[in-house]
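A.B. asks: Residue numbers (the working numbering), protein chains in the order written: chain A, 16 to 894; chain B, 16 to 894. Glycine included, C-beta positions come from ideal geometry on N, C-alpha and C. Dropping a structure here in structure tokens format, bear with me for questions.
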């Protein structure tokens with residue numbers, strides 16, 4: 016070695032392994048690992064990720080000594096292949112590909128056939144005895160290099176080619192002869208000259224340097240930035256660059272190229288799944304320009320190669336203990352593997368594969384759990400087309416990514432984004448998608464393409480995003496320019512509704528009825544594993560007996576947030592509520608509250624019964640009173656008539672209750688301190704319901720939660736009020752129920768004085784929605800004016816209302832937890848904001864030793880898995 | 016000693032000293048100190064404050080061993096006085112008085128003449144040879160004890176006495192003979208029997224125990240709690256109890272009792288100031304029932320005693336190095352001092368006394384500074400009646416507390432509070448005030464009493480509160496029941512306006528014109544001392560050249576907050592501002608901003624000139640845009656006409672800009688990130704103004720402040736935008752000005768990530784108004800619905816918008832300061848919320864090593880003194 020580790024920027028495939036993903040990128044590390052395993056891989060080397068960061072950080076300068084290391088490796092390649100880089104006798108051609116530590120398919124740039132120039136192309140023609148192939152390779156190189164390195168739009172080249180073909184009356188590329196390609200090469204070189212004022216670079220070393228730099232720079236192109244934002248990939252990873260000797264799938268019909276998955280990435284089924292094209296080069300498959308053949312078709316054409324593929328896939332899967340996504344090239348009936356990686360899969364496939372890998376003895380349950388992407392699991396529970404519903408199927412394409420999508424058609428990314436911002440559900444319809452469409456796909460609920468297979472860009476990305484996708488629906492003609500698609504006689508335009516079934520490939524006219532999915536067997540198995548392992552419980556937010564039952568079906572171990580205000584919104588109740596608000600004195604308020612008591616009590620009984628044996632946290636009335644009154648004059652008038660209250664009186668009351676910033680106003684415990692009779696009524700309803708349920712043999716574990724506490728005395732005052740009621744009810748009912756009294760921690764100040772508050776509380780439940788609002792000073796109702804821009808411009812990595820902001824809000828929570836436990840070491844701690852269903856936020860809670868997280872019933876399964884994953888990540892798979 | 020310190024609850028006056036105020040209370044400590052000095056003090060002992068806390072804490076139980084210690088001290092008293100407690104031969108009578116570590120005049124209870132019963136009263140009559148005195152003393156004792164210990168309203172006793180007098184046709188108490196008092200005593204004892212069903216306690220020891228307990232309990236009576244709230248006195252101090260042998264000022268005309276100040280508490284003039292009553296007991300002077308004689312009158316009546324008083328006052332003042340407030344009793348021409356303490360004084364007197372004590376060599380400047388109550392200093396700057404203004408003077412009373420007050424009459428505390436809550440200025444008019452009136456006085460802008468002297472309750476409390484007061488205006492008849500007062504022919508009722516001049520004693524009809532006071536010579540002297548000493552600078556919040564000039568007059572060393580939005584509200588500018596808001600694109604916004612630029616620039620030039628040599632912190636545009644647009648349909652219509660914009664377009668724009676919680680919405684830096692052209696225009700105006708001023712020879716030190724930063728990238732983005740503008744301006748202007756760029760820290764999250772933010776900031780200015788709003792989750796606009804109740808009910812000690820909440824907001828600030836200095840150790844730190852003018856908050860800032868505080872110009876002098884005091888308190892008077 017010429018240099019120590021710190022100054023080592025370049026690694027031969029022989030020197031790396033799969034553990035070094037951070038340094039070599041996923042592609043590089045796995046190429047190295049395959050070399051160790053004896054898999055046929057064309058030789059090459061990897062320029063480490065730190066080189067990219069150093070290059071970009073130092074104003075686009077290679078770090079010292081780096082270039083020398085690259086040239087050394089090129090020499091080594093020449094030795095191994097017995098070819099010369101830029102040499103005219105037997106020229107060495109290489110590919111230059113990006114490879115980040117985390118897979119970002121298609122986001123960054125690639126140059127193939129590098130090393131060709133006006134001389135070496137002649138040698139290649141001679142050596143291969145295939146001038147047509149050589150000139151085709153050269154024109155491909157010119158086009159790719161000019162696009163990636165020189166920034167010339169690839170359409171410009173395609174235009175030239177189309178023109179040429181039409182003059183000659185050619186229809187397919189295969190119609191062109193070697194001489195035709197030579198003509199094209201001249202035209203391409205002229206195009207470069209016109210557009211950039213330079214001759215196409217002939218020096219192979221210069222070509223290499225420029226290409227490596229272009230790959231470095233592609234780390235920060237807007238597509239890549241968007242992709243990282245969507246998938247929460249850190250900006251400071253950088254990409255590695257792999258330089259590898261070329262092998263050719265386009266040397267004729269004994270050559271080819273393909274992509275395969277070792278299992279079905281859509282269903283998880285254990286059978287080889289993939290596609291290939293004969294006489295084609297790399298990206299032809301992924302780009303979806305020619306529709307490829309199924310991989311099984313190779314068995315008849317090249318049985319030996321097919322057997323080799325079977326052997327390699329078996330070896331790779333048992334080695335990596337996971338379903339693999341493999342790229343291969345066949346050069347004159349010799350198999351080369353160009354890439355292997357864990358394959359992206361639909362959530363359902365992920366569950367099946369995990370279960371199967373455990374059954375097959377490859378993985379422990381803990382290891383299998385870690386392979387599941389918890390965040391994407393909601394797609395398994397996403398709606399499917401309702402069984403037995405009427406539907407007019409227009410055509411059937413490939414079932415590229417499962418699930419049902421119903422929406423209005425958009426033909427471009429721009430219009431998909433626009434319609435989505437207007438709150439519409441959009442289905443993006445394209446002839447084929449390309450990496451430029453990533454934000455449009457993100458904005459859509461489903462994707463439909465007319466062209467491209469199961470491994471096309473659209474299919475891969477949609478599965479990653481967990482969105483339904485039908486690809487290769489080739490009966491459809493998409494005319495993007497005219498904003499139209501046609502299927503036979505039928506023409507549809509933007510805004511027309513269609514439905515997709517990504518599980519069957521059906522494209523359906525109009526809006527189908529959908530129904531929620533049930534938890535299937537594999538999911539159930541994985542959830543049971545998770546529950547065996549997880550230390551942190553999962554509860555649900557549920558306000559009604561129906562929701563509570565649903566939550567229990569989804570495996571919730573209690574209710575973490577039962578909001579009582581929703582109970583007052585049905586007609587009979589809201590009029591009593593309004594009467595209470597309009598009462599001028601405590602006595603008449605109490606009278607009206609007495610009317611509400613039986614309703615509340617019945618609600619609570621229903622919930623306690625549904626949650627027999629599990630805790631139920633009931634939050635006392637939280638919203639400001641004006642939410643119960645109408646705001647518009649016309650509505651006030653209507654109410655004044657039905658309530659027989661003077662309009663002006665009512666109007667004045669509405670105005671009196673108006674607040675400039677209701678979020679920071681008279682609500683939560685503040686309201687109950689002004690009107691303690693509300694808290695007393697609710698405490699009575701809860702405790703009477705609890706006593707009566709207990710007498711029926713139900714195990715009730717109620718927890719009364721006081722919202723919006725910021726001062727210790729707010730809690731101690733209300734605690735006393737509630738305890739008085741409980742004592743009285745227990746005496747009357749001649750029984751006793753263990754009812755805990757605690758508080759939401761949702762005001763920043765509450766975190767800061769949590770040591771004092773904890774003395775008065777049996778539990779803390781972090782209300783991270785409000786806590787986020789106040790810590791950031793963002794009103795959720797108003798944040799739409801700037802937060803999307805903030806996220807776009809990377810002012811903030813993620814929407815803090817979706818994923819907990821660890822840096823700010825998280826720090827406050829830590830303060831609150833630490834202080835709370837200082838004075839009350841056994842205090843029960845949970846979270847009931849929407850973050851309770853987000854795996855990253857759940858991981859944060861786990862690391863603060865929360866007793867539970869609570870989320871919407873729908874997200875309970877995700878939270879159960881995320882909770883187990885956090886445990887396994889912390890304690891390892893063997894504990 | 017029988018017990019160690021921990022178990023020692025009772026201290027003889029011989030064993031204590033003035034340093035032990037925390038343990039013995041102010042009164043007890045000073046009584047002990049006087050005993051050490053050889054001042055004639057009746058013997059006695061003090062029950063320490065911790066006893067009160069222990070008593071209340073243990074459910075009203077004396078701590079172990081305490082009662083034995085009290086009995087031991089009673090024995091000691093018997094030895095010293097040669098009298099027996101409860102003995103019939105020569106009975107020892109004692110007083111039982113409260114005495115907290117901080118003076119709370121009249122707030123807690125006192126029992127005099129304790130030890131009298133049906134037997135001892137006979138002995139007292141015999142020994143003093145004054146049966147009338149003895150029975151009067153007994154009936155006083157019964158009344159006081161029954162009120163304080165048994166809780167019988169003292170009006171009940173007065174009713175009996177009045178009845179008796181009217182049957183006998185007596186007009187004054189002095190008309191009653193010994194036999195009359197005996198009759199009264201029987202009636203009083205019957206009253207106790209009727210009301211409480213018990214015989215009046217005859218056992219002296221039992222009387223003592225019950226009285227001590229009553230004093231302990233009076234610590235938590237509502238008057239005392241209110242008083243502590245107003246004066247920020249902690250709840251956990253407790254009160255000491257002083258038990259002292261009685262001396263009698265009511266033994267005849269060679270006896271008397273009085274109160275005096277060693278200097279004039281209203282003006283500070285060095286001359287004895289006080290009042291006395293002959294043949295009277297203790298509280299008769301303070302209660303203001305009989306109007307007392309001036310102290311100088313005593314010289315003629317009892318020259319020897321007067322000389323003794325002069326000698327004692329001289330001794331006490333030189334010993335305590337402060338103006339003293341002394342209570343004395345003369346028993347048969349022998350002087351006894353019952354209490355000495357630092358006297359409450361008006362703010363103006365406080366300044367004069369401080370200056371004089373330094374001149375007289377009693378105090379160092381540092382010591383004198385500590386004697387000034389910074390919080391009250393605003394009264395010196397409060398308005399006075401405008402010189403030469405027309406006024407109709409109704410009468411002239413005593414000038415009890417200086418300053419001018421203009422308001423509407425209220426006759427009861429309740430109506431004063433009610434009117435004040437309605438936003439009215441109230442003058443409380445009473446025949447005399449009593450401790451029950453404390454909250455009414457607090458709610459009023461001035462106090463007028465018909466009865467009572469310069470040391471009456473009204474006078475003392477008003478001076479303490481810094482409120483104008485005219486007392487003893489005896490031409491006025493106050494008929495509280497009828498809600499009327501009359502002066503001669505004139506009758507005034509509730510809501511009629513009067514004006515008071517507390518400096519002259521004038522009562523004036525209607526609303527006088529007032530004018531601000533100037534800083535007088537004494538104030539100026541003290542301010543210069545303060546500036547010599549203080550390490551933390553004081554800046555002002557000022558938005559205009561006029562304000563800046565005012566601020567400089569008040570001694571501000573810079574501007575800590577110049578709000579730029581106010582600059583846009585005059586007619587010409589707001590229409591440009593509105594045009595900008597309505598512009599659909601950046602180019603047209605820039606055009607309109609160009610129109611605003613010259614205005615801004617002129618404003619800044621004026622401010623820079625006024626602040627030549629001092630830093631000026633300019634906050635960029637902060638409020639949400641809708642504040643610049645009209646909200647009502649009629650106003651929008653008017654604007655649509657003048658602007659020639661369609662009503663519907665305008666209306667839609669107004670609705671678009673509407674926010675549910677504007678406080679947490681699109682404002683501050685969020686706005687400038689959406690519209691960076693605003694920040695650029697302002698940066699241009701600031702830098703051009705700075706360059707031009709500098710060329711005129713003015714030393715400009717601008718600081719550009721970005722509001723509402725919560726994310727580091729908000730600051731770094733805007734910093735870059737601004738720096739680009741500055742560079743461009745400096746190039747054009749061919750000069751360079753050192754312009755700092757920093758941020759307000761006003762979002763909780765900013766404190767939590769202050770280490771990151773500090774890397775991008777030259778300074779932090781804590782915006783504690785918004786920080787308090789968000790940390791508490793209180794909207795200042797809406798908090799009126801519950802915060803007053805919270806303060807009343809002691810949920811929170813003080814209004815957190817007036818005095819910084821150290822427990823919550825303070826903790827966040829500490830986090831912000833510590834983190835900020837971690838990454839940027841030289842970062843300049845200040846505060847610009849309203850707390851910048853509050854001494855307690857200033858002290859907090861000092862302890863966080865702030866570089867400056869900034870407050871309204873008016874409060875700058877207060878802040879200068881508070882800053883010096885913090886320094887002296889930390890480093891001692893000698894540094």
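#1: Does the separation of the CB atoms of residue 469 of chain A and residue 415 of chain A fall below 9 Å?
#2: Of all the options A/56, A/643 and A/319, which has the alpha carbon lying nearest to the alpha carbon of residue 585 of chain A?
#3: Round the Cβ separation of residue 636 of chain A and residue 579 of chain A to the nearest angstrom and send it over; I've been treating them as touching at under 8 Å.
#4: Check whether the Cβ atoms of residue 869 of chain A and residue 573 of chain A lie closer than 9 Å to each other.
#5: Output the distance between the C-alpha atoms of residue 195 of chain B and residue 149 of chain B, rounded to the nearest integer angstrom.
#6: If you run the structure through DSSP and keep just helix, strand and coil, what is residue 846 of chain B?
#7: For a cutoff of 9 Å on Cβ pairs, would you count residue 596 of chain A as touching chain B?
#8: Measure the beta-carbon distance from residue 545 of chain B to residue 384 of chain B and round it to whole angstroms, keeping in mind my assumption that it falls under 8 Å.
#9: For residue 787 of chain B, which option in B/804, B/769, B/822 and B/775 has the closest C-alpha, if you only look at C-alpha atoms?
#10: Starting from the N-terminal side, write out each stretch of the alpha helix (DSSP H) that is 4 residues or longer and does not extend beyond the segment 299-384 of chain A.
#11: Are the CB atoms of residue 147 of chain B and residue 193 of chain B nearer to each other than 9 Å?
#12: List the residues of chain A whose Cβ lies closer than 7 Å to the Cβ of residue 8 of chain B, in chain order.
#13: Could you work out which residue in A/177, A/74, A/219 and A/166 is closest to residue 128 of chain A when comparing CA atoms only?
#14: Exposed or buried, which one is residue 664 of chain A when buried takes at least 16 other CB atoms within 10 Å?
#15: Under a CB-based cut-off of 9 Å, is residue 320 of chain A close to chain B?
#16: Is it true that the CB of residue 444 of chain B sits closer than 9 Å to the CB of residue 460 of chain B?
#17: From this set, B/352, B/534, B/97 and B/495, which residue's C-alpha is nearest residue 321 of chain B's C-alpha?
#18: Could you tell me whether the Cβ of residue 649 of chain A comes closer than 9 Å to any Cβ of chain B?
#19: Along the segment 818-830 of chain A, where does the CB come closer than 7 Å to a CB of chain B? Name the residues.
#20: According to DSSP, is residue 760 of chain A helix, strand or coil?
#21: List the endpoints of the continuous alpha helix (DSSP H) containing residue 162 of chain A.
#22: My output table needs one value for residue 883 of chain B: the three-state DSSP class, helix, strand or coil.
#23: Taking residue 698 of chain B and residue 719 of chain B to be in contact with their CB atoms under 8 Å, please state how far apart those CB atoms are, rounded to whole angstroms.
#24: What is the DSSP secondary structure of residue 54 of chain B, counted as helix, strand or coil?
#25: Taking residue 867 of chain A and residue 604 of chain A to be in contact with their CB atoms under 8 Å, please state how far apart those CB atoms are, rounded to whole angstroms.
#26: State yes or no: is the beta carbon of residue 759 of chain A nearer than 9 Å to at least one beta carbon in chain B?
C.D. replies: Reading from the atomic positions:
#1: yes
#2: A/643
#3: 6 Å
#4: yes
#5: 12 Å
#6: strand
#7: no
#8: 6 Å
#9: B/822
#10: 299-302, 313-316, 318-335 and 362-374
#11: yes
#12: What is shown of chain B runs 16 to 894, which leaves residue 8 of chain B out entirely.
#13: A/219
#14: exposed
#15: no
#16: no
#17: B/352
#18: no
#19: 822, 823, 826 and 827
#20: strand
#21: 146-163
#22: helix
#23: 7 Å
#24: coil
#25: Their Cβ separation, rounded to whole angstroms, is 35 Å, which puts residue 867 of chain A and residue 604 of chain A out of contact at 8 Å.
#26: no
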